Amino acid sequence: MLINETKERTWHGPVKLADSFFKRFRGLMLVKNINYALVFILPAETKANASIHMFFMLSDIDVIWLDSARRVVDFKTARRWRLYAPKGPAKYIIEGPVGLIKTLDVEEGDLISWSPSEEKKKAVPVKVSLPDGLSFEKGTNGMALTESVREVRVESR
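Using this note's numbering, read the sequence shown as starting at 26 and increasing by one per residue.
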């Protein structure tokens with residue numbers, strides 16, 4: 026969620042952080058249907074580090090540049106295959122779908138905050154020993170999915 030604290034406006038979409046070199050490098054390049062905001066946390070507050078390119082982007086995006094106090098220093102709708110630099114030094118960049126700036130009613134000097142969405146962890150396969158008579162092989166038993174192991178009953182043949 027993104028919040029314009031100055032105007033009490035909220036964008037309720039998912040928010041991800043680009044807080045490492047590789048996440049910042051990848052950004053939103055080659056992402057189809059951008060439905061989340063990406064907050065770039067830059068190593069230093071400078072104008073040069075906060076410049077962005079729109080090469081290899083599949084759609085236009087809204088961009089908001091913030092200083093270290095999270096105050097808006099610049100914002101615009103960025104078009105594909107162009108370069109952009111903020112008016113002043115920035116420590117944070119927020120990139121998101123077109124309409125984000127309008128939803129938050131962004132103006133220079135506004136205070137913006139964010140709350141990153143929880144990312145789902147990837148599942149890790151594990152081996153589980155099953156009671157005798159149960160198998161995951163096709164057609165070997167009439168096993169049905171159950172809520173807990175206590176509900177499983179093995180019938181002898």
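Yeah, the Cβ is synthetic: ideal placement off N, Cα and C, and Gly gets one too.
Since the structure is predicted, the reported quantities are computational estimates derived from the model, not experimental observations.
Give me the residue from the options with the minimum Cα distance to residue i.
i       : options                            : result
Met-82  : Met-26, Ala-73, Leu-55, Ala-75     : Leu-55
Val-131 : Ala-110, Thr-102, Pro-141, Glu-143 : Thr-102
Lys-72  : Trp-90, Arg-104, Asp-85            : Trp-90
Ser-142 : Ile-28, Leu-27, Lys-41, Lys-32     : Lys-41
Arg-104 : Asp-85, Asn-74, Met-26             : Asp-85
Arg-107 : Arg-95, Glu-133, Ala-94, Ile-77    : Ile-77
Ala-69  : Lys-57, Ala-94, Leu-53             : Ala-94
Would you kindly work out how many angstroms separate the C-alpha atoms of residue i and residue j, rounded to a whole number?
i       : j      : result
Pro-122 : His-37 : 12 angstroms
Lys-112 : Val-98 : 7 angstroms
Met-79  : Asp-87 : 11 angstroms
Leu-67  : Phe-46 : 9 angstroms
Arg-49  : Asn-74 : 11 angstroms
Pro-39  : Met-26 : 6 angstroms
Go ahead and pull the three-state DSSP assignment for residue i.
i       : result
Thr-171 : Residue confidence is low: Thr-171 scores 49 on pLDDT, short of 50, so the model does not pin down where it sits. Its coordinate-derived value is still stated next. Note: Thr-171 maps to coil in three-state DSSP.
Ile-59  : coil
Leu-83  : coil
Arg-34  : strand
Arg-96  : strand
Leu-42  : strand
Lys-72  : coil
Lys-112 : coil
Leu-53  : coil
Assuming residue i and residue j make a contact with CB atoms under 8 angstroms, what is their CB distance in whole Å?
i       : j       : result
Lys-116 : Asp-135 : Not quite, the Cβ-Cβ distance comes to about 15 angstroms (not below 8 angstroms), so this is no contact.
Phe-100 : Ile-59  : Not a contact, Cβ separation roughly 16 angstroms.
Arg-34  : Thr-128 : 7 angstroms
Glu-30  : Ser-138 : 6 angstroms
With contact counted as at least three CB pairs below 8 angstroms, one residue from each stretch, are the region 55-67 and the region 113-122 in contact?
yes
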